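Those sequence lines, one after another, are chains A and B. The letter at position 125 of the first sequence is residue 137 when you use my numbering, and the numbering goes up by one with no holes. The letter at position 79 of the second sequence is residue 1400 when you use my numbering, and the numbering goes up by one with no holes. Every residue gets a Cβ at the ideal spot worked out from N, C-alpha and C, and that includes glycine. What you are looking at is a predicted structure, and each value in this text was computed from that prediction instead of being measured.
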Amino acid sequence: MSAPMIEVKNLWKEYGNNVVLERMNLQVKAGEFITMVGASGCGKSTFLKMLLGMEEPTRGQLLLDGKPIPNEPDQARGIVFQQYSVFPHLSVEQNVILAREFERSPLLGKLFGRARREVLEEARALLAKVGLSHAAKQYPHELSGGMRQRLAIAQALIRRPRILLLDEPFGALDPGIRKDMHTLVHQLWQEHELTVFMVTHDISEGFALGTRLWVFDKLRRDDQAPEAYGANITYDLPVNRESLAQLKERDYG
Amino acid sequence: MRRLINLKPSRSVGVMLGLLPFALIVIIYIAASDKRLAENPDDRLLPSFTQMGEAVERLAFEPSRRTGEYVFWEDTKSSLQRLGLGIGIAALIGFSIGTLTGSIPLVNSPLSPLLTVISLVPPLALLPILFIVFGLGELAKVALIVIGVAPFIARDIQRSAQEIPTEQLVKAQTLGASTWHILLRVLIPQLTPRLIAAVRLSLGTGWLFLIAAEAIASTDGLGYRIFLVRRYMSMDIILPYVAWITFLAFLFDWLLAQLSRKAFPWHHQGGKA
Ligand SMILES: Nc1ncnc2c1ncn2[C@@H]1O[C@H](COP(=O)(O)OP(=O)(O)O)[C@@H](O)[C@H]1O
Ligand SMILES: [Mg+2]
């Protein structure tokens, strides 16, 4: 059996007196697609932020390949937020090549001439994959919500992160568009050999997309002091192909 | 009858209504001026438009007998030089400080309280100090504009920088950006249109300090001229100068607005994506 990519050992997260997450113990293998559901405010985004390096655990350990996960964001872990994920002052293709420009131009963060044409080519291939070829020159404010999220995904993938974090990425989209996005994410997950963590408030989305579903909830509760206890993962369900097929039939059939 | 708040003028009526007050002011002025001049042809308080035209012609199109210069244009040039330098330097300083304090906590901690205090000092109270330190030359006047305007721009840009969603800064880091990259490619481009807006807002203050400084210590400039001819009650010069200053202020504001709209269409049409 291969070593887990991510290990969570007795992890706690508190903001002052507010215990958000408690006693979490988990192992995640490379290539898993984990979907996360749970009531609003129960700490799903907080957990993603720790995976991203924006927040640190109060207690316990969060390990990546056996070492503490780096405590600031880097290009190994891509992210797509529900909003504000792309840069409004850059066109679609400029948004996508940005990561390559950071990589190859430490001084200016900008490429010119041949170097730029090269990365633009790479970006166009990626844009074709997410279905945005026709919009390469447009600016984010000219795009629909779904197109903007496609752009955010393409932008996050150009430097080939190992881990992709998605925080309610399709929450603001129409159901029909959401279905297209599912197909896209599923395809990219396989092609790019990603390990995906996706927060969603739509449990059928969770079942349809993931290989594993986590339900966040509080095991202990004190109604006098709701902040005293944190949430944990109360259900850790493997999602197999059959249940997936069933669900697809029921939801989309 | 519909409610008052629901009655909207059509476009042409709107324009006419907008011009109406100007026409009224001109008519009232001419009437009052004519009346006073009829009673006393030497009255100086409300000169006729002919008298003002003659004054402007004398100052703008005839070389001065004393220096051989065209006073009106020399005044304009001197004032705009001071204003341009002052606002330009203030924009540069304000933008740098605002961007850095708004995005880098380790710069914000030592500078932000200082900036708050400095922005509370009334700049005109510093004018004597500026004259003592820099002398009565150009430097003191430009410095007054800089001191009067830079803190406002710095604080405005600082706030704008803090309003840029954290998501963007995080996203840039996940794309491999360094702090320098984030400044250069994420913050500065998005803050530039905000700088133009801040400069537009501070131009009025800039004029205020310019005219104040010129009134107190200068040998030329639009502000200097108005205060000089005040001694002779030369309203025929003061009024056209005030109109000219107003026109220049309007022109710069308009030009900056156009520049911003042309150069940063995404800022004017879009949100925060
Ligand atoms: N930066 C912060 N400072 C203090 N409390 C926070 C912070 N971020 C989140 N919280 C708190 O942590 C809890 C979990 O928030 P979050 O992870 O965003 O929930 P979810 O994404 O599951 O809706 C909430 O009670 C929220 O108020
Ligand atoms: Mg959340």
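For ligand 2, no non-hydrogen atom lies closer than 7 Å to the CB of Asp1574(B). In this structure, Val142(A) has its beta carbon at no less than 7 Å from each heavy atom of ligand 2.
Around Ile1559(B), the same chain offers Ile1547, Val1550 and Arg1551 as residues with beta carbons nearer than 8 Å, after the five sequence neighbours per side are excluded. Taking a C-beta distance under 8 Å as the contact criterion, Asp1574(B) and Leu1524(B) qualify as a contact pair. Chain A places no beta carbon closer than 8 Å to that of Gly1374(B), leaving this residue out of the contacts. Here Tyr27(A) is exposed, its C-beta having fewer than 16 other C-beta atoms within 10 Å. What Lys1492(B) touches in chain A, judged by beta-carbon distance under 7 Å, is Ile91 and Ser97, going in chain order. Rounded to whole angstroms, the separation of the alpha carbons of Ala140(A) and Glu130(A) is 16 Å. Gly158(A) and Ile189(A) have their C-alpha atoms some 7 Å from each other. Chain order gives the chain A residues near Gly1497(B) as Asp86, Gln87, Ala111, Phe114, Glu115 and Arg171, where near means a beta carbon separation below 8 Å.
In summary, Thr47(A) is buried, with 16 or more beta-carbon neighbours lying within 10 Å of its beta-carbon over all protein chains present. The beta-carbon of Leu1531(B) is placed no less than 8 Å from the nearest beta-carbon of chain A. Between the stretch 1515-1535 of chain B and the stretch 101-121 of chain A, the count of C-beta pairs closer than 8 Å stays below three; the two stretches do not touch. A distance below 8 Å separates the beta carbons of Val98(A) and Gln167(A). Sequence-distant Cβ neighbours of Ser1539(B) in its own chain, meaning closer than 6 Å and more than five residues away, are Tyr1545. Look at the stretch 46-80 of chain A and you find these whole runs of alpha helix (DSSP H), each 4 residues long or longer: 56-64. Looking at the DSSP output, Leu249(A) shares a beta bridge with Leu225(A). In this structure, Gly121(A) lies near Ala1498(B), with their beta-carbon atoms less than 8 Å apart.
For a cut-off of 8 Å, the C-beta gap from Val1507(B) to Gln1494(B) is around 10 Å, too long to register as a contact. Around ligand 1, the residues selected by a Cβ distance under 5 Å to any of its heavy atoms are Tyr27(A), Val32(A), Ser52(A), Gly53(A), Cys54(A), Gly55(A), Lys56(A), Ser57(A) and Thr58(A), following chain order. Within the same chain, Cβ atoms closer than 7 Å to the Cβ of Glu19(A) are found at Gln39 and Leu75, the five residues on either side in sequence being excluded. Residue contact check for Gly55(A) against chain B: no CB pair falls below 8 Å.
Trp1501, His1502, Leu1505, Arg1506, Val1507, Pro1510 and Gln1511: these are the residues of the stretch 1500-1520 of chain B whose beta carbon lies less than 8 Å from some beta carbon of chain A, given in chain order.
Straight-line spacing of the CA atoms in Tyr1553(B) and Arg1387(B) works out to 18 Å. The alpha carbon of Ser145(A) has as its nearest neighbour, out of Ala135(A), Leu102(A) and Pro152(A), the alpha carbon of Ala135(A).
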